[in-house]
Amino acid sequence: MKESLVEFQKNAEAELNSAGSREELLAIRTKYLGRKGLLTTLLRKIGSVSPQQRPLVGKLSNEIKDVLSVKIENALEEIAYREKCETLLHEKIDVTLPGRGVSHGRIHPIVQMSREICEVFSGLGFSVVKGPEVELSHYNFEALNIPEGHPARDTQDTFYVEDNIVLRTHTSPVQIRIMEKQRPPVRIVSPGKVYRPDSDISHTPMFHQIEGLLVDKDITFGDLKGVLTYLLQQIFGEGTALRFRPSFFPFTEPSAEIDIQCIICGGAGCRVCGRSGWIEILGAGMVDPEVFKAVDYDPEEISGFAFGLGVERIAMLKYGISDIRLFYENDRRFLEQF
Ligand code: DAH
Numbered sequence: 076m077k078e079s080l081v082e083f084q085k086n087a088e089a090e091l092n093s094a095g096s097r098e099e100l101l102a103i104r105t106k107y108l109g110r111k112g113l114l115t116t117l118l119r120k121i122g123s124v125s126p127q128q129r130p131l132v133g134k135l136s137n138e139i140k141d142v143l144s145v146k147i148e149n150a151l152e153e154i155a156y157r158e159k160c161e162t163l164l165h166e167k168i169d170v171t172l173p174g175r176g177v178s179h180g181r182i183h184p185i186v187q188m189s190r191e192i193c194e195v196f197s198g199l200g201f202s203v204v205k206g207p208e209v210e211l212s213h214y215n216f217e218a219l220n221i222p223e224g225h226p227a228r229d230t231q232d233t234f235y236v237e238d239n240i241v242l243r244t245h246t247s248p249v250q251i252r253i254m255e256k257q258r259p260p261v262r263i264v265s266p267g268k269v270y271r272p273d274s275d276i277s278h279t280p281m282f283h284q285i286e287g288l289l290v291d292k293d294i295t296f297g298d299l300k301g302v303l304t305y306l307l308q309q310i311f312g313e314g315t316a317l318r319f320r321p322s323f324f325p326f327t328e329p330s331a332e333i334d335i336q337c338i339i340c341g342g343a344g345c346r347v348c349g350r351s352g353w354i355e356i357l358g359a360g361m362v363d364p365e366v367f368k369a370v371d372y373d374p375e376e377i378s379g380f381a382f383g384l385g386v387e388r389i390a391m392l393k394y395g396i397s398d399i400r401l402f403y404e405n406d407r408r409f410l411e412q413f
C-alpha cells in the first residue's frame with residue numbers, strides 16, 4: 076500500500092512537471108485528486124492493510140495529497156502570472172488616440188425647417204397653434220366649402236378612419252377650429268403632419284404643412300402678398316423672385332398659387348422645375364365668405380387671407396434634396412448634415 080502511494084506520488088509529479096497549460100493542470104488534479112480520482116481508488120484498498128499500519132498509511136496519503144495540491148496550486152498561479160505579464164506587455168494604452176465621441180440626437184431637418192418658418196411668423200405677431208391629425212370630415216372638408224362629390228373627397232386622396240373621420244389631408248381644418256373658438260382678429264400659423272395615400276420621389280403618405288390665417292378688418296390681397304413675400308425672402312434670401320398665379324381652392328376666393336424662381340437653375344429651366352424656371356411652393360387666397368359663414372363670422376365686417384405650404388418641399392428646395400423619401404429613411408449620414 077505504501078509503495079503504491081509512493082508510486083502514485085511519483086507519477087503525479089512526473090505529469091505535473093511536464094504540464095504546460097492550465098487545462099493540463101486541471102486535468103491532472105481531477106485525475107489524481109478528484110472525487111473519482113486515483114487517490115480515492117487507492118484508499119479503497121485500505122481495508123487490506125493491518126490495523127497497526129492503517130494510521131500511518133492514512134497520514135502518508137494525506138501528506139501526499141497536500142503536497143500535490145500545493146504544487147498544482149502554485150503551478151496554476153504561475154501560469155496566471157505569466158499570462159498577466161504577457162497581456163500587460165502587449166496591451167498598452169495609447170494616450171494619443173482620440174476619445175470616443177458622445178453621440179447625441181438632433182432636431183430632424185423637417186422640424187428645423189418648420190420651426191424656422193414659424194419663427195418668421197412669430198416675429199410678425201402670429202401665434203403658433205396645433206390641431207388634431209385624426210379629424211372629423213366636417214372640419215377637413217365641409218366647413219372648408221369642399222362639398223361632397225368634390226374630387227378631393229374621393230377615397231383615393233384620403234385615408235378614412237370611419238365614414239366621417241379621416242386622417243387630415245391638410246392643415247386647413249385648424250383654421251375652422253380656431254375661428255370657432257375665437258372672435259377676430261385672428262393671426263395664427265399651424266404646423267403639423269398631414270396624410271394622403273401617395274408615395275413616390277416627391278410624395279410620402281405623411282408629410283408636413285404649415286397653415287396660416289389672418290382675419291381682421293380691412294385685410295386685403297396686398298397684405299397677403301406682403302406677408303408671403305416677406306416669408307419667402309426670409310427663407311430663401313432677399314433677392315428671391317416670386318410669381319403669384321391665379322388658382323382655385325374651395326375655401327378661398329380669389330385664390331393664388333405662389334411660385335418661386337427655381338433655386339436649382341436660377342430660372343433658366345431644368346429637370347427639377349419641369350423646364351419652366353418656376354416651382355410652386357404655396358397655396359393661398361382670401362378666405363371665402365362661405366367659410367366665414369360656417370364659423371359665424373360676418374363677411375361684411377371682416378376679411379382675411381389664408382395660406383398653406385408644404386414643409387418638405389421648402390426644405391428640399393432650400394437644401395437641394397431631390398428625393399423626399401430621404402427625410403424618412405432615418406439614415407444618420409443624411410440626418411447629421413442638418
Ligand atoms: N390646404 C391646401 C392644400 O393642402 C393648401 C392651401 C391653399 C391652404 C390655399 C390655404 C389656402 O389656407 O388658402 O393643398
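Using the numbering used here, read the sequence shown as starting at 76 and increasing by one per residue. Yeah, the Cβ is synthetic: ideal placement off N, Cα and C, and Gly gets one too.
Going by DSSP, M76 is part of no alpha helix (DSSP H) at all; its letter is neither H nor E. The three-state reading of DSSP puts E208 in coil, since its state is none of H, G, I, E or B.
Closer than 6 angstroms to some heavy atom of ligand 1: that does not describe the Cβ of H278. In this structure, E387 sits away from F234, with a CB-CB distance that is not shorter than 7 angstroms. Annotated three-state conformation of Q336 is strand, per DSSP. Relative to the non-hydrogen atoms of ligand 1, the Cβ of A218 never comes closer than 6 angstroms to any of them.
In the DSSP secondary-structure assignment, A331 is bridged to P321 and A359. The DSSP-derived three-state label of K268 is strand. By the criterion of at least three beta-carbon pairs nearer than 8 angstroms, the segment 330-339 is not in contact with the segment 219-227. Only residues of its own chain outside the window of five on either side were considered, and among them V249, I253, I263, V264 and S265 have a CB closer than 8 angstroms to the CB of V204, listed in chain order. Our two residues, N149 and R157, have alpha carbons roughly 12 angstroms apart in a direct line. Listed in chain order, the non-local C-beta contacts of S79 below 7 angstroms within the same chain comprise L117, local neighbours out to five positions each way being set aside. DSSP places G297 in the uninterrupted alpha helix (DSSP H) bounded by F296 to F311.
Secondary structure remark: continuous alpha helix (DSSP H) runs of at least 4 residues inside the segment 212-263, in chain order: 212-215 and 248-256. G287 places its beta carbon less than 7 angstroms from that of F382.
Setting aside the 5 residues that flank it on each side, Q308 is surrounded in the same chain by T315, each with a C-beta closer than 7 angstroms to its C-beta; the list follows chain order. In the displayed model, Q412 falls within coil according to three-state DSSP, outside both helix and strand. By the neighbour-count criterion, in which 16 or more other beta carbons inside 10 Å mark a residue as buried, P280 falls on the exposed side. For I285, the uninterrupted beta strand (DSSP E) run begins and ends at M281 to D291, by DSSP. Listed in chain order, the non-local C-beta contacts of E355 below 7 angstroms within the same chain comprise E332 and D334, local neighbours out to five positions each way being set aside. Of the candidates F326, R190 and P130, the residue whose Cα lies closest to the Cα of H225 is F326. Put simply, of Q128, R228 and E98 the residue whose alpha carbon is nearest the alpha carbon of S212 is R228. In this structure, L100 places its C-beta atom within 7 angstroms of the C-beta atom of I147.
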